[in-house]
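Novice:
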Amino acid sequence: MKKTGLKKLVAAFATVSMLAACGGGDEKDLTITVGLTYIPDVQFFPFYVAVENGYFESAGVEVDIRHHGAQESLFTALATGEEDVVFVSGDEVLFARAEGMDVTSIMTLFSEYPSTLIVPQDSDIETPADLEGRSVGLPGEYGSNYFGLLAMINAYDLENVEVESIGFTQMAALSRGDVDSVIGFVNNDAVAMESQGFDVRTIDLAPDLPLIGPGLAVMEENLGENEDEHRAIMAGLQKAVEFAEENPEEALDIVTKYVPSMTDPEVREAATLTFNATLPLYVGDGKVGTQDVERWEDMSEFMVDAGLIEELVPVDEVMTTEITG
Numbered sequence: 088m089k090k091t092g093l094k095k096l097v098a099a100f101a102t103v104s105m106l107a108a109c110g111g112g113d114e115k116d117l118t119i120t121v122g123l124t125y126i127p128d129v130q131f132f133p134f135y136v137a138v139e140n141g142y143f144e145s146a147g148v149e150v151d152i153r154h155h156g157a158q159e160s161l162f163t164a165l166a167t168g169e170e171d172v173v174f175v176s177g178d179e180v181l182f183a184r185a186e187g188m189d190v191t192s193i194m195t196l197f198s199e200y201p202s203t204l205i206v207p208q209d210s211d212i213e214t215p216a217d218l219e220g221r222s223v224g225l226p227g228e229y230g231s232n233y234f235g236l237l238a239m240i241n242a243y244d245l246e247n248v249e250v251e252s253i254g255f256t257q258m259a260a261l262s263r264g265d266v267d268s269v270i271g272f273v274n275n276d277a278v279a280m281e282s283q284g285f286d287v288r289t290i291d292l293a294p295d296l297p298l299i300g301p302g303l304a305v306m307e308e309n310l311g312e313n314e315d316e317h318r319a320i321m322a323g324l325q326k327a328v329e330f331a332e333e334n335p336e337e338a339l340d341i342v343t344k345y346v347p348s349m350t351d352p353e354v355r356e357a358a359t360l361t362f363n364a365t366l367p368l369y370v371g372d373g374k375v376g377t378q379d380v381e382r383w384e385d386m387s388e389f390m391v392d393a394g395l396i397e398e399l400v401p402v403d404e405v406m407t408t409e410i411t412g
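Numbering of the sequence shown is given in my numbering, commencing with residue 88 and proceeding in unit increments.
#1: Please list, in chain order, all residues of the same chain as residue 370 whose beta carbon is under 8 Å from its beta carbon, the five residues on each side excluded.
#2: Is it true that the region 349-361 meets the region 174-181, where meeting means three or more beta-carbon pairs spaced less than 8 Å apart?
#3: When DSSP labels each residue in this structure, what does residue 80 get in the three-state scheme?
#4: What whole-angstrom Cβ distance do residue 258 and residue 293 have, given they're in contact under 8 Å?
#5: Classify residue 115 as buried or exposed, calling it buried when 16 or more other Cβ atoms lie within 10 Å of its own Cβ.
#6: Around the C-beta of residue 234, are 16 or more other C-beta atoms found within 10 angstroms, so that it is buried, or is it exposed?
#7: How many Å lie between residue 148 and residue 320 at the Cα?
#8: Can you tell me whether residue 397 is buried or exposed? The criterion is at least 16 other CB atoms within 10 Å of its CB, across all chains shown.
#9: Let's test the definition: count the other Cβ atoms within 10 Å of the Cβ of residue 30 and tell me whether it reaches 16, buried, or not, exposed.
#10: Rounded to a whole number of angstroms, what is the C-alpha to C-alpha distance between residue 325 and residue 202?
#11: For residue 111 and residue 118, what's the separation of their Cα atoms in angstroms?
#12: Using the C-alpha atoms, what's the distance from residue 282 back to residue 335?
#13: Examine the Cβ distances between the region 377-395 and the region 290-305 and report whether three or more of them are shorter than 8 Å.
#14: Beta carbon of residue 181: closer than 7 Å to some heavy atom of the ligand FAD?
#15: Are the beta-carbon atoms of residue 127 and residue 154 separated by less than 8 Å?
#16: Check whether the region 183-191 and the region 300-317 are in contact - that is, three or more C-beta pairs closer than 8 Å.
#17: Would residue 205 and residue 267 qualify as a contact pair, given that the criterion is a beta-carbon distance under 8 Å?
#18: Looking at C-alpha atoms only, which residue of 287, 225, 285, 218 is the closest neighbour of residue 246?
#19: Should residue 216 go down as buried or exposed, given a rule of 16 or more other Cβ atoms within 10 Å for buried?
#20: Residue 220: which of 196, 241, 249, 164 sits nearest, CA to CA?
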């Protein structure tokens, strides 16, 4: 266990492998491969719905979904050309760009950053400020939950927080009292705890959190070449989200084709909670994919201040609004 402030928290982050993108010849591929950076899961329902209902095809693109293996890094398949598009958080795109990888965000899919502070329902922790002298657990010092932790510590100027890397054992660690709080995903970890009978509360990490959640990213060299296909993907996802809003049970039936365990009523019930928590993140202001330039600028500044990257990354290098209009 260690006590630390913001500066002491910043550890060496795993450097993204710099792999050259493989060329695919002069002809366009007929199919765009979208990498979903997790095993099949209900949180990816718009992609499943868009494929099964033909929304991608009617928009003018054929999409092949590829799920990452448990040990696969975020960008390897994208860099080698095995994937054309990858589902990844904006902060992870910016970090990779700062490390020299020519990856660019083309759309933001979650309107709010999904990481949150989770405490037992009866905890006396009401705001992150109450964490002084307390402990917080998270999977490890990497990725979205770690970035969220740093943003929280920075926003509340916390100096005496015990931080523990606990792997993906948030519920066990919290329920046993090993830690006073955990960082997890509002649409995953928090609802999983509730579905298993452990009453918890979620607390926003910070006002105006300077982080951007999941979206889609591509290698820079593919921006212009596949612009029409990228717009078609966004159009297909928009239709899929609208369908899911109006037909939640049918959307869950479609997800079951990709997550067969959902044929079990208990698994379906838990998946429904995740679906209900994830749908509003996709819906946002009603337009799927919106890019917030100012928020990207704030995130670049925060990551420099936090010591995650050495210098500001120009926003026009790491993201584009060409696809989202």
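Just so it is clear, CB atoms sit at the ideal spot from N, CA and C, and this is done for glycine as well. Quantities reported herein were computed from a predicted structural model and do not represent experimental measurements.
Specialist: The structure says:
#1: Annotation for residue 370: 198, 328, 332 place their beta carbon closer than 8 Å to its own, counting only its chain and skipping 5 residues before and after.
#2: Fewer than three Cβ pairs drawn from the region 349-361 and the region 174-181 lie within less than 8 Å of each other, which leaves the two stretches out of contact.
#3: A query on residue 80 cannot be resolved here, the shown segment of the chain reaching from 88 to 412 and no further.
#4: Between residue 293 and residue 258 the Cβ distance is about 23 Å, and since that is not below 8 Å, they are no contact.
#5: Note that residue 115 has pLDDT 49, beneath the 50 cutoff, so the model's placement of it is unreliable and no number is given.
#6: Around the Cβ of residue 234, a 10 Å sphere holds 16 or more other Cβ atoms; the residue is buried.
#7: Distance between the alpha carbons of residue 148 and residue 320: 7 Å.
#8: The residue is exposed, with fewer than 16 neighbouring Cβ atoms inside 10 Å.
#9: Residue 30 falls outside the range modelled here, since the chain spans only 88 to 412, and no answer is possible.
#10: The C-alpha of residue 202 is placed about 23 Å away from the C-alpha of residue 325.
#11: Note on residue 111: pLDDT 39, under 50, position unreliable in the model; the coordinate value appears next. Spanning the two alpha carbons is a distance of roughly 12 Å.
#12: Whole-angstrom Cα-Cα distance: 19 Å.
#13: Enough Cβ pairs lie closer than 8 Å, so yes.
#14: For the ligand FAD, the structure offers nothing, since it holds no ligand at all.
#15: For residue 127 and residue 154, yes; Cβs fall inside 8 Å.
#16: Yes, the region 183-191 touches the region 300-317.
#17: Taking 8 Å as the Cβ cut-off, residue 205 and residue 267 do not qualify as a contacting pair.
#18: Here the closest residue by C-alpha is 218.
#19: Result: exposed.
#20: Comparing alpha-carbon positions, the option among 196, 241, 249, 164 lying closest to residue 220 turns out to be 249.
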